[in-house]
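For the sequence shown, the working numbering gives the first residue as 117, with consecutive numbering after it.
Remarks on the structure that follows.
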Amino acid sequence: MSPQAAGLLQLTALIAALALAYRPLGDYMAKVYSSEKHYKPEKWIYKVIGANPAAEMRWPAYLRGVLAFSAVSVLFLYLLQRIQGSLPGSLGFSSIDPDQAFNTAASFVANTNWQSYYGEQAMGHVVQTGGLAVQNFLSAAVGLAVAVALVRGFARSRTGELGNFWADLVRGTVRILVPISVIGALVLVACGAIQNFSGIHQVGQFMGGTQEWNGGAVASQEAIKELGTNGGGYFNANSAHPFENPNPLSNLFEVFLILLIPFALTRTFGRMAGSLRQGYAILGAMAAIWIGFTALMMWTEFAHRGPAFEIAGGAMEGKETRFGIAGSSIFAVATTLTSTGAVNSFHSSYTGFGGGITMLGMQLGEIAPGGVGSGLYGMLIMAVIAVFIAGLMVGRTPEYLGKKIGTRQIKLAACYILVTPALVLGFTAVAMALPTPADSMTNSGAHGFSEILYAYTSGANNNGSAFAGLGADTPWFNTTIGLAMLLGRFLPMVFVLALAGSLAEQRPVPETAGTLRTDKPLYTGLLVGTILIITGLTYFPALALGPLAEGLAS
């Protein structure tokens, strides 16, 4: 079987698995967030934190809950890293420096998991499991909660209430993320991923010296790392490391975990909004972009251009022979079109156009299918903008799911889509203008520029992957990327929740003969076109200086 045929077979198996899980998981999540029943362990949690899960919240109160919880999480994780040297199970590692501790705390709470350190050489068992792994669950649950609040904004009328943040947070963690992660961890252990609390030990000779590795609760962290679209690896090599991702089967399973909840959330949206066809329309837009990007990436990386590529069967630089070009390409697209950032190959070593595809996937807003929660609310924001554009074309007041899209709604949507590009392009411009940040670039020219553009694109979009040539463990990058991660995560949530509140207050508008049908393929095509055009107009100049220039020159 040719590598191309094997890649097509992997992609087909992945689509089939996602299709089988789509309906039961989507319906189950809708029931979780619509239920009025509270399980006993959940009641204990509410009692400890002093929350009343039955109390409905308007959007300002919901937002205060999101920000307060996240601020406490950042502080806790920061302090845990700063006292690591005094903790048991630290494996002899010292406490983390202040700038790196801030960067890491911001990263994991913002669901970014950008890592400017070597995991196996910096973090002990307590920080890994009690700090980083815990935030993998909680940051994903926050994203789910915000997405559900926006869905309620569309579904409800003549009320500003969006549910209860604390109930949504606890349910998302206890009823969705934890059970699936347990199953995922068992599958990964069966595939060969490690799960222990062993210390540092030698594993053999390498180039005249010894290699030392520490064990850890890797499989359990790997499961929520992918399921929660987090991406932070236990080891520096991330999912290219055999302890995290042992073989092609585990590789495909990890991609499945990455895409599972974001795709299934479209059915949850349709179920809660009272129209499954609306969910299918959003799913169609997500799937079209994902499949298109995957096909383009595989074509780019398999293209035989020169003797070296022909001998290797394609662009094998930076890729694991265990996974090959197909497995690496499928993983790379999945991880950058979601907010995961896990890597099983090094994106900096991809062809010029291949690296550009990973960058563009993040710049779309990671909405195809996007992160856990963030992908759905990002796509719904784009759906609002697409409806507004359609309304301008035909001279009608734009409506979506029976709600009018007026001045307030479109201003909030516009602010949402402007935040991330402002952070990415602004920080990139400053970094390139100053003398010190450029010293961290391994490469010069277009590829060197791509390293910095990729770093801020990854940080502001809460992805976490990197062009590996950039030495980002400096006070400048730790601080600025940390700020980009926090602002890129929580500023958009402000606009999402404000939009949800304004929609929930409206009276539903009856459908007429002139109403745009947003559950039809025509609208799905309009939505995809809107996403690509807005992103292209925003980022094309920067992409032309980086990956496009490199690709055309090769």
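Just so you know, even glycine gets a beta-carbon here, dropped at the ideal spot from N, CA and C.
| query | result |
| --- | --- |
| Exposure of M601, with buried meaning 16 or more beta-carbon neighbours within 10 Å | buried |
| Residues of its chain near L373, where Cβ-Cβ distance is below 6 Å and the 5 sequence neighbours each way are ignored | G300, E342 and L343 |
| Limits of the alpha helix (DSSP H) - the one that M117 falls within | Per DSSP, M117 belongs to no alpha helix (DSSP H) and is neither H nor E. |
| Three CB pairs or more closer than 8 Å across the stretch 561 to 572 and the stretch 212 to 222 | no |
| Stretch pair the stretch 350 to 358 + the stretch 449 to 459: three plus CB contacts closer than 8 Å | yes |
| Residues sharing a beta bridge with K519, DSSP | Y516 |
| Among P626, E158 and I316, nearest to T513 - alpha-carbon criterion | P626 |
| The alpha helix (DSSP H) enclosing S574, as first and last residue numbers | G561 to A576 |
| Cα-Cα separation between Y493 and V262, rounded to whole angstroms | 8 Å |
| Assumed close pair F209, G240 - CB separation to whole angstroms, cut-off 8 Å | 5 Å |
| Run of the alpha helix (DSSP H) containing W406, from where it starts to where it stops | L392 to F418 |
| Bounding residues of the alpha helix (DSSP H) (the contiguous stretch that carries L304) | V294 to C307 |
| Contacting residues, own chain, Cβ-Cβ under 7 Å from L541 (five flanking each side not counted) | A658 |
| Spatial distance of F224 from M509 (CA atoms) | 42 Å |
| C-beta contact flag for G288 and L248 at 8 Å | no |
| CA nearest to the CA of P362, picked from R438, R268 and V294 | R438 |
| Distance, W406 Cα to G142 Cα | 19 Å |
| Cβ shell of F565 (< 6 Å), same chain only, five flanking positions each side left out | L661 and G662 |
| Proximity of M557 and G470 at Cβ, strictly below 8 Å | no |
| Nearest neighbour of L285, chosen from H317, K159 and L304 [CA to CA] | K159 |
| C-alpha distance - R633 paired with G269, whole-angstrom precision | 19 Å |
| At least three beta-carbon pairs within less than 8 Å, the stretch 224 to 236 to the stretch 331 to 350 | yes |
| Proximity below 8 Å, CB of F543 to CB of Q120 | no |
| Rounded separation between G390 and G518 - CA only | 11 Å |
| Segments of 4+ residues assigned as alpha helix (DSSP H) that fall wholly inside the stretch 485 to 554 | 490 to 510, 523 to 549 and 551 to 554 |
| Residue range of the alpha helix (DSSP H) that includes F716 | Residue 716 is absent from the model: the chain starts at 117 and stops at 670. |
| Inter-residue Cα distance where the pair is I340 and G630 | 45 Å |
| C-alpha distance - S186 paired with G604, whole-angstrom precision | 14 Å |
| Three-way DSSP call (helix, strand, coil) for R633 in this model | coil |
| Length of the line joining the Cα atoms of F281 and G181 | 6 Å |
| Rounded straight-line distance, which links the Cα of G332 to that of Q200 | 16 Å |
| Sub-8 Å separation of I497 and A538 beta-carbons | no |
| Own chain partners of F313 with C-beta closer than 6 Å, once the 5 adjacent residues on each side are dropped | H241 |
| Entirely enclosed alpha helix (DSSP H) segments - the stretch 219 to 306, minimum 4 residues | 235 to 238, 250 to 271 and 281 to 287 |
| Three-state secondary structure assigned by DSSP to E328 | strand |
| L373 CB to nearest heavy atom of the ligand FAD below 7 Å | The ligand content of the structure shown is nil, which means the ligand FAD is not present either. |
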